[in-house]
Amino acid sequence: MDFNFILLFIDSIPLQFEFLSGERMRLGSDDPIVKGLILSMFTVSGFGILLNIFNSGVRKKMVDQVKLKRIMKETRGWQKERMAAMRSKDQAKIAELSKKSSYMNKMSMEMMQMNMRPMMITFVPLILIFYLVLPQLFTYTVAISPIPLNVIPGEMFQLTCSAEQALEEGHECFGQENAIFLWAWYFLSSIAFSGIIMRLTKTSMDLG
């Protein structure tokens with residue numbers, strides 16, 4: 001299980017909604033300070049890199065990395081053994097491993113709590129930057145994708161402008177099919193650089 005991606009996904013959900021009302025919002029400005037596609041793309045990516053460095057610094061201070069990796073190694077080893085026993089239909093091994101289920105569930109819960117704890121600190125700066133700073137700096141869409149990226153059905157996790165939105169006059173996507181929303185480009189940039197930054201700061205959850 002890739003906890004890096006899961007945590008980034010959880011972190012990104014509030015960025016699509018009005019902070020107090022919970023309604024879908026148009027994140028961006030009609031008259032942004034930062035103008036131009038190329039400059040916008042690189043500047044938003046820069047914000048993503050800086051916030052990733054901040055998040056990794058908080059993780060390094062708040063999370064016992066040695067303990068976290070020990071728990072991860074133990075739980076993943078147990079899951080791997082259990083799956084192998086189930087595939088081979090080794091009932092004796094399954095029964096033996098099942099005795100450790102409650103302990104492993106406890107370890108998994110502790111691991112999740114350790115991963116979530118830094119978010120209590122990083123959530124506030126992220127929200128402040130996204131609702132007070134970025135909407136003034138950038139327009140609603142800051143990049144163009146060669147293909148649509150809306151792989152999840154519905155509008156909750158929409159990364160790019162749809163064909164219908166591009167035809168809707170007055171919409172932020174008008175005439176810009178497959179344009180990438182401001183929050184979505186930040187999210188994609190964070191994913192792209194988070195692994196590198198976590199390795200450099202030694203906060204990676206990769207056991208390899």
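Counting from 1, one number per residue, gives the positions in the sequence shown under my numbering. Ideal Cβ positions, reconstructed from N, Cα and C, are used throughout, including at glycine.
Item: Is the number of C-beta pairs between the region 179-187 and the region 139-150 that are closer than 8 Å three or more?; Value: yes
Item: In the structure shown, what three-state DSSP assignment does Phe138 receive?; Value: coil
Item: Under 8 Å, with one C-beta from each stretch per pair, do the region 169-176 and the region 113-130 reach the 3-pair mark?; Value: no
Item: Please classify Pro146 as buried or exposed, where buried requires at least 16 other C-beta atoms within 10 Å of its C-beta.; Value: exposed
Item: Does the Cβ of Leu200 have 16 or more other Cβ atoms within 10 Å, making it buried, or fewer, making it exposed?; Value: exposed
Item: Tell me whether Phe157 sits in a helix, a strand or coil according to DSSP, three-state version.; Value: coil
Item: Given a cut-off of 8 Å, decide if Asn52 and Phe187 are closer than it, judged by their beta-carbon atoms.; Value: no
Item: Of the residues Ile94, Glu110, Met119 and Trp183, which one's Cα is nearest the Cα of Lys67?; Value: Glu110
Item: Can you check DSSP and say which residues form a bridge with Phe181?; Value: Thr141
Item: To the nearest angstrom, how far is the alpha carbon of Leu204 from that of Lys60?; Value: Leu is not the amino acid found at residue 204; the sequence shown has Ser there. Roughly 10 Å separates the two Cα atoms.
Item: Can you give me the Cβ contacts of Met71 inside the same chain, cut-off strictly under 6 Å, excluding the 5 residues immediately before and after it?; Value: The question names Met, yet the displayed sequence has Ile at residue 71. Correct list, in chain order: Met107 and Met111.
Item: Around the Cβ of Ala184, are there at least 16 other Cβ atoms within 10 angstroms (buried) or fewer (exposed)?; Value: buried
Item: Please report the Cβ distance between Leu97 and Glu81, rounded to the nearest whole angstrom; I am assuming they are in contact, meaning their Cβ atoms lie under 8 Å.; Value: 6 Å
Item: Go to Phe123, then tell me how far its alpha helix (DSSP H) extends in each direction, as first and last residue.; Value: Met119 to Leu128
Item: Would Ser21 be called buried (16 or more neighbouring beta carbons within 10 Å of its own) or exposed?; Value: Reliability of the predicted coordinates at Ser21 is poor, the pLDDT of 44 falling under 50, and the value obtained from them is presented with this limitation in mind. Classification of Ser21: exposed, given that the 10 Å Cβ count is below 16.
Item: Would you kindly report the start and end of the unbroken alpha helix (DSSP H) that includes Tyr213?; Value: Here the chain covers residues 1 to 208 and nothing more, so residue 213 does not appear.
Item: In the structure shown, what three-state DSSP assignment does Ser88 receive?; Value: helix
Item: My output table needs one value for Gln176: the three-state DSSP class, helix, strand or coil.; Value: coil
Item: Ends of the alpha helix (DSSP H) at Asn55?; Value: Leu37 to Met62
Item: In this structure, how does DSSP classify Ile191 when only helix, strand and coil are distinguished?; Value: helix
Item: Can you round the beta-carbon distance between Pro32 and Leu137 to whole angstroms, since I take them to be within the 8 Å contact cut?; Value: 6 Å
Item: Is any heavy atom in the ligand NAD found nearer than 7 Å to the beta carbon of Pro153?; Value: Ligands are entirely absent from the displayed structure, and the ligand NAD is therefore not among its contents.
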